[in-house]
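Residue numbers (our numbering): 481 to 654.
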Amino acid sequence: MIRKQKEAVIKELAGSLGKCVVAVATDYRGLTAKEMVQLRRQMHQQGVEYKVVKNTLMRFAAEKAGIKGLDEFLTGPMAIALGYDDAVKPAKILIEHIKSANSVLKVKGGVMGDKVLTPADVISLAATPSKEVLISQLLGRLKSPIYSLHFVLSSPLRGLVGVLLARARQLESA
Numbered sequence: 481m482i483r484k485q486k487e488a489v490i491k492e493l494a495g496s497l498g499k500c501v502v503a504v505a506t507d508y509r510g511l512t513a514k515e516m517v518q519l520r521r522q523m524h525q526q527g528v529e530y531k532v533v534k535n536t537l538m539r540f541a542a543e544k545a546g547i548k549g550l551d552e553f554l555t556g557p558m559a560i561a562l563g564y565d566d567a568v569k570p571a572k573i574l575i576e577h578i579k580s581a582n583s584v585l586k587v588k589g590g591v592m593g594d595k596v597l598t599p600a601d602v603i604s605l606a607a608t609p610s611k612e613v614l615i616s617q618l619l620g621r622l623k624s625p626i627y628s629l630h631f632v633l634s635s636p637l638r639g640l641v642g643v644l645l646a647r648a649r650q651l652e653s654a
């Protein structure tokens, strides 16, 4: 690549790194071209970018974007998954791909905001439920005390209605 092309790539990568919520570095050695295309397609459908990047260009782009901690993963062949809207998606897609395809793809680590993620952190991030599931769980937990309060407050009234109905049946049969 000539210098102008490299500068353009660095600028594009720095922009992507600046906008992303999470960046997960992977070692793609041993992946077939078919597997790589399948993984990229799967990532693209979920709104995640997956790029094979030269380490030196990524180092300069991370420096330009002000991201620290990515340098330790910039060894050997590397591809990076960039998630823009949901921090869980890239990790979840990568881990599911590794498990389902019995792939040789390895997670090196990543960066989420100012926090450096180890491979174990990325795996635990992938186990986190999606944003929609977390919101529904939160709403369920917020509604639970209200339902309990309703049940407790309406219980004496139901008991009174039951006693009155029993007394009405008793008077009818007499």
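Where a beta carbon is used, it is the ideal one built from N, C-alpha and C, also for glycine.
Computed from a prediction, not measured in an experiment: that's the story for all the values here.
Residue i - partner residues in DSSP beta bridges
| i | result |
| --- | --- |
| Val421 | This structure does not reach residue 421, given that the chain is present from 481 up to 654, and the question cannot be answered. |
| Ala561 | Val504, Tyr530 |
| Lys586 | Asp507 |
Three-way DSSP call (helix, strand, coil) for residue i in this model
| i | result |
| --- | --- |
| Ile482 | coil |
| Tyr530 | strand |
| Gly642 | helix |
| Lys579 | helix |
| Ala606 | helix |
| Lys623 | helix |
| Lys548 | coil |
| Leu554 | coil |
Residue from the options whose Cα sits closest to the Cα of residue i
| i | options | result |
| --- | --- | --- |
| Leu550 | Lys486, Arg649, Val502 | Val502 |
| Phe540 | Leu597, Lys623, Ile490 | Ile490 |
| Lys572 | Leu633, Met538, Lys611 | Lys611 |
| Glu492 | Ser628, Pro609, Lys544 | Lys544 |
Other residues of its chain near residue i: CB distance less than 6 Å, five sequence neighbours each side excluded
| i | result |
| --- | --- |
| Lys586 | Asp507 |
Neighbour flag for residue i against chain D, beta carbons, 8 Å
| i | result |
| --- | --- |
| Leu633 | Among the chains in the structure shown there is no chain D, since it carries only a single protein chain. |
Other residues of its chain near residue i: CB distance less than 8 Å, five sequence neighbours each side excluded
| i | result |
| --- | --- |
| Glu576 | Ala606 |
Sequence-distant residues of the same chain with beta carbon closer than 7 Å to residue i, five excluded per side
| i | result |
| --- | --- |
| Pro599 | Val587, Lys588, Gly589 |
Q. Taking contact to mean at least 3 C-beta pairs separated by less than 8 Å, is the segment 559-571 in contact with the segment 521-538?
A. yes
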